[in-house]
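**Student:** Sharing a structure below in C-alpha cells format, with a few things to ask.
Protein chains: 2
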Amino acid sequence: MSFCPNCGAPIEFRVPEGDDRKRNICSATGEIFYDNPRNVVGCIVEHEGRILMCRRAIEPRLGFWTLPAGFLELGETIYEGAARETREEAQAEVVDAELFAMIDVTHIGQVHIFYRARLAGSHYGAGQESQLVSLLAEDDIDWPQLAFPTIYRALERYFADRRAGTFGLHTESLGANDWKAMQLARSPDGGRT
Amino acid sequence: MSFCPNCGAPIEFRVPEGDDRKRNICSATGEIFYDNPRNVVGCIVEHEGRILMCRRAIEPRLGFWTLPAGFLELGETIYEGAARETREEAQAEVVDAELFAMIDVTHIGQVHIFYRARLAGSHYGAGQESQLVSLLAEDDIDWPQLAFPTIYRALERYFADRRAGTFGLHTESLGANDWKAMQLARSPDGGRT
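Line by line, the protein sequences give chains A and B. Just so it is clear: in the first sequence, position 170 is 170 by the working numbering, and no numbers are missing. Just so it is clear: in the second sequence, position 136 is 136 by the working numbering, and no numbers are missing.
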C-alpha cells in the first residue's frame, strides 16, 4: 500500500502510538488501514455416501479438485457464504449443515471454515468456476490431484470421522510445510523416493 | 475507497467481469480490491467459578464491561489471537482452551469467535485498553453495563451450559435489533416500560 485509498496522500508504514505492529497510515490525515486475515468458507456435501467435488476451471490450481469454497463476503454469515459457494461452484443446495472444521492458514492470512452437509435433492452441476462437478466415493478421490492442503485435511478428517461413526469439530493449523508432507504421505511409494 | 492504494489512480466501483458484486477497481491497472468480514477473537476465562472481565478504557463503549477480545491479526491462529488479546487486555495467560462460540455479526462485517479457557495461575490485571479487570461471579455481572451484544450472548450461553453441566459449540447470528431485545430482557422490569 503506497497511497491513502481515501485521499490519495502517501502512506507511511510505521507503528501507531499505543500499538505494537507496523500499520499503513495516511501521511495527511493519520487514518490507519488495518490488514486482517480473511475467511474462506465451504461445504463437504455428502450424497449417498459420496462427496461433491469440483475440478477447478480457474487459477490458482486450474484442473485440480476442490470442495466448493471461497471468500466470505460482507453481509453474509459463514453458513450463508458456504452455501452460496456451493450453489455457485456446484449448482447444489445443502441441508443439515453442521460446522466441521476451522483451519488456520497463517502464512497466507486465511482461516478456512468447512461445514458438512447433505445434498438437498439430487441436482448438481458445474458452475462458472468449475470444469466438472462430480460425486466421488472415498476410493475415487485422487489425493495428489487435490487443489489445496485444507481441502486435503478436511476430507481426511471427514472420512476418519465417518469411519469412527461420529463427527467432531476440528480446529487446527496448517503451515507452509504441511502440504508437501501430505502429498508425500499419499504418493504411491509413501514418499520414499 | 477513492484512490488505488498501489498506484494512486482513481477507483471505479463496479461489478467486475464474471462477478456479481460491485468492487473497488483501479481505473489504471484493473486491480480489484476486495473488502471482507473480519474476525474478532477472545476468551471466556474462568477461575474458581468466576469470569475474567475488563472495563473498557477506550472507545467505543468506554467504561462498559467486556471479555478480552479484539481483531485477529495476520500471522496468528484464532487461538493465538484470543490468547494475545487476553494477555494484552487482562494481563492473563490461559490454559485448556476450547472453541465455544462463533457469532456472525453481518451488519458490521464481523465474525466474533470465543474460546472458553481457564486462567493459568492466578495473575491478572488491567492492560492498556482496560480501566479495570475483575473476576466476576455470574451474579456480579451487570448485564446492562456490557459493552457489546456478542459479549452478552457468549456469557448467556456460557452460564447456561455451565448450569446444564456440558459445554457445546454455539454458532449463531446477531442482527442490529438483537441488542435492544437483550437489554430489555435484562432490565429491572423485563422491558415493560
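Note that beta-carbon positions come from the ideal geometry of N, C-alpha and C, so glycine has one too.
#1: Taking GLY125 (chain B) as the reference, give the member of B:ASN24, B:VAL95, B:ALA181, B:GLU89 with the closest Cα.
#2: Using a Cβ-Cβ distance cut-off of 8 angstroms, determine whether GLY70 (chain A) contacts chain B.
#3: Do the region 33 to 45 of chain B and the region 129 to 137 of chain A make contact, defined as three or more Cβ pairs closer than 8 angstroms?
#4: Closer than 8 angstroms, CB to CB, is PHE3 (chain B) near chain A or not?
#5: Please list, in chain order, the chain B residues whose beta carbon lies closer than 8 angstroms to that of ILE78 (chain A).
#6: Against chain B, with Cβ distances strictly below 8 angstroms, would GLN183 (chain A) count as a contact?
#7: Compare the C-beta of ASN6 (chain A) against all C-beta atoms of chain B and say whether one is closer than 8 angstroms.
#8: Pick helix, strand or coil for ASP178 (chain B), following the three-state DSSP scheme.
#9: Can THR77 (chain B) and THR106 (chain A) be called in contact, C-beta distance under 8 angstroms?
#10: Please give me, in chain order, every unbroken run of the alpha helix (DSSP H) with length at least 4 that falls completely inside the region 102 to 183 of chain A.
#11: Quick test of the definition: if touching needs 3 or more C-beta pairs under 8 angstroms, does the region 5 to 24 of chain B touch the region 92 to 101 of chain B?
#12: Ordered along the chain, which non-local residues of its own chain (more than five positions away) have a Cβ less than 6 angstroms from that of ASN6 (chain A)?
#13: At a CB-CB cut-off below 9 angstroms, which residues of chain A make contact with GLU31 (chain B)?
#14: Kindly give me the distance between the Cβ atoms of THR171 (chain B) and LEU155 (chain A), rounded to whole angstroms, as I take these residues to be in contact under 8 angstroms.
#15: So with Cβ pairs under 8 angstroms, would you call GLU85 (chain B) a contact of chain A?
#16: So which residues on chain B does ARG118 (chain A) lean against when the C-beta distance must stay under 7 angstroms?
#17: Of all Cβ atoms in chain B, is any one closer than 8 angstroms to the Cβ of GLN128 (chain A)?
#18: What first and last residue would you give for the beta strand (DSSP E) that runs through ILE78 (chain B)?
#19: Going straight from the alpha carbon of TYR79 (chain A) to that of THR86 (chain A), what length do you get?
#20: Helix, strand or coil: which one does DSSP assign to ALA97 (chain B)?
#21: Which chain B residues sit within Cβ distance under 8 angstroms of ASN36 (chain A)?
#22: Can you grab the Cα-Cα spacing for the pair PRO60 (chain A) / ILE11 (chain B), in whole Å?
#23: Using a Cβ-Cβ cut-off of 7 angstroms (strictly less than) and excluding sequence neighbours within five positions of ARG84 (chain A), which residues of its own chain qualify?
**Tutor:** Result, derived from the coordinates:
#1: When only C-alpha atoms are compared, the closest one is B:GLU89.
#2: no
#3: no
#4: yes
#5: MET102, ASP104, VAL111, THR171
#6: False, the Cβ-Cβ gap to chain B never drops below 8 angstroms.
#7: yes
#8: helix
#9: yes
#10: 149 to 164
#11: no
#12: none
#13: None at all; the shortest Cβ gap to chain A is about 12 angstroms.
#14: THR171 (chain B) to LEU155 (chain A), Cβ: 21 angstroms. No contact.
#15: no
#16: What ARG118 (chain A) touches in chain B: nothing, since even the nearest Cβ is about 18 angstroms away.
#17: yes
#18: Taken as a continuous stretch (DSSP letters only), ILE78 (chain B) belongs to no beta strand (DSSP E), being part of the alpha helix (DSSP H) at 78 to 90.
#19: The alpha-carbon separation between TYR79 (chain A) and THR86 (chain A) amounts to approximately 11 angstroms.
#20: strand
#21: ARG38, ASN39, PHE71, LEU72, GLU73, LEU74
#22: 26 angstroms
#23: GLU76
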